[in-house]
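Asker:
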Amino acid sequence: MNESANNKTAQKPEKARYTRDLIIAGVLLLAALALFFLMRSRQARDTGTGAQAVVTVDGQEVGRYPLQKSGTFPLNGGSNILVVENGEAWVSDADCPDKVCMGMGKISRNGEFIACLPNRLLIVVEGAAEQSPVDGMT
Amino acid sequence: MKTKKLTVMALTTALAMILSFVESQIPAFVAVPGVKMGLANIAVVFALYKLGWKEAAAVSLVRVVLVSLLFGSIASLFYSFAGAVLSLAGMGLLKRSGKFTEIVVSVAGGILHNIGQIAMASLILETDALRYYLPFLLVSGTVAGVVIGVVSAIMVKRIRIDTD
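Going down the list, the sequences are from chains A and B.
Heads up, the first sequence is in this note's numbering, so the first residue is 27 and it goes up one at a time.
Heads up, the second sequence is in this note's numbering, so the first residue is -16 and it goes up one at a time.
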């Protein structure tokens, strides 16, 4: 009797172990989702004047582009083309084979970024005013 | 025993490479950077349960090097390598504890692979901005990990190897 109680975890039927692991995975997924939405809600979208796209190559800053100034800018000697319009920035063209940076979409919130790993290029949004949800309500 | 084990390892590595290639041909997974099914992890989890930790590490690392050289770039080799090492360590420890099935092991592998890649990319790009991307990858990594874990569990159960 005592022995069987000790072996309970090891003797658990296979099916129950899989069910339990699926539940663990589900809890992990919920935690990840919560973290995702929490972080996203903290990234204020800013239509004011502060936000700019900061471009770095190899960790060295090479330019800042205010998101309120529309335009098309060749970066890194033309390897990537940055487009700024309506307070958003995106990469419209790239010379790398995988075009991942073009698929990363438009960025406008603080901390959102576009990375082109082959060209070691990074575009990050900085300086967008932090808007707390409380301010939004008042 | 040696020859047979070596043969099974080679077969598993080949399978991992084919799965990597198949995955790279699916546009939906290439569009969003970092988001992956991690099909090759089926072969690694399989090796982990059937052959052992060292063998799984060999399968995974040989696969990463070969796939990066064949279909990727030197840059992709660094990212994949960091992801694979972290993922192997985590999966090995969880498997060793004997408490978890392929599902939790595979989910941990997927998540750790993403963390390893983000860490390496942050090092190379010399930035900490990529951490904003991590929660998104955690979600996709967990979902992919469950799918891969279920498939791996079926394979481990159905395929018998007598390595002795």
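Each residue gets a CB set at the ideal place from its N, CA and C atoms; glycine is no exception.
1. Look at A:Ser96 and A:Val117 and say whether their C-beta atoms are less than 7 Å apart.
2. Alpha carbon to alpha carbon, how far is B:Met74 from B:Ala40? Give it in angstroms, no decimals.
3. Would you call B:Leu(-2) buried or exposed, if buried means 16 or more other Cβ atoms sit within 10 Å of its Cβ?
4. How many angstroms separate the CA atom of A:Asn145 from the CA atom of A:Leu101?
5. Is B:Ala23 closer than 7 Å to B:Leu2 when the C-beta atoms are compared?
6. Output the distance between the C-alpha atoms of A:Glu152 and A:Thr45, rounded to the nearest integer angstrom.
7. Take the Cβ of A:Glu29 as the centre, count every other Cβ of all protein chains shown within 10 Å, and call the residue buried at 16 or more, exposed below.
8. Distance, Cα to Cα, B:Leu44 vs A:Glu114?
9. Under a three-way DSSP split, which group does B:Val(-9) fall into?
10. Could you say which of B:Val129, B:Leu60, B:Gly92, B:Gly35 lies nearest to B:Val47 if we only look at CA atoms?
11. Beta-carbon within less than 6 Å of B:Gly66's beta-carbon, same chain only, minus the 5 sequence neighbours each way: which residues are those?
12. Using a Cβ-Cβ distance under 7 Å, would A:Asp72 count as near chain B?
Answerer: So, to answer that:
1. Residue numbering aside, residue 96 of chain A sits at position 70 when the first sequence is read from its first letter. Residue numbering aside, residue 117 of chain A sits at position 91 when the first sequence is read from its first letter. Contact flag unset, no.
2. Working through the second sequence from its first residue, we reach residue 40 of chain B at position 57. Working through the second sequence from its first residue, we reach residue 74 of chain B at position 91. Looking at the two C-alpha atoms, the distance is approximately 10 Å.
3. Locating residue -2 of chain B in the second sequence gives position 15, where the first residue counts as 1. B:Leu(-2) comes out buried.
4. On the first sequence, position 119 is the one that residue 145 of chain A refers to. On the first sequence, position 75 is the one that residue 101 of chain A refers to. When rounded, the distance between both Cα atoms is 10 Å.
5. Taking the first residue of the second sequence as position 1, residue 2 of chain B is located at position 19. Taking the first residue of the second sequence as position 1, residue 23 of chain B is located at position 40. B:Leu2 is a Cβ neighbour of B:Ala23, given a cutoff of 7 Å.
6. Counted from its first residue, the first sequence places residue 152 of chain A at position 126. Counted from its first residue, the first sequence places residue 45 of chain A at position 19. Cα to Cα, A:Glu152 sits roughly 44 Å from A:Thr45.
7. Working through the first sequence from its first residue, we reach residue 29 of chain A at position 3. In this predicted model, A:Glu29 has a pLDDT of only 45, less than 50, meaning its place in the structure is not dependable; the value taken from the coordinates is given anyway. Exposed, because fewer than 16 other Cβ atoms sit within 10 Å of the Cβ of A:Glu29.
8. Numbered from its first residue, the second sequence carries residue 44 of chain B at position 61. Numbered from its first residue, the first sequence carries residue 114 of chain A at position 88. If you take the alpha carbons of B:Leu44 and A:Glu114, they lie about 40 Å apart.
9. Numbered from its first residue, the second sequence carries residue -9 of chain B at position 8. Helix.
10. Here residue 47 of chain B refers to the residue found at position 64 of the second sequence. Here the closest residue by C-alpha is B:Leu60.
11. Numbered from its first residue, the second sequence carries residue 66 of chain B at position 83. Excluding positions up to five away in sequence, the list reads His96, Gly99, Gln100.
12. Position 46 of the first sequence, counting from 1, holds the residue named residue 72 of chain A. Confidence at A:Asp72 is low in this model, with a pLDDT of 49, below 50, so its placement is unreliable and the value that follows should be read with caution. No, A:Asp72 lies away from the interface with chain B (no Cβ there is under 7 Å from its Cβ).
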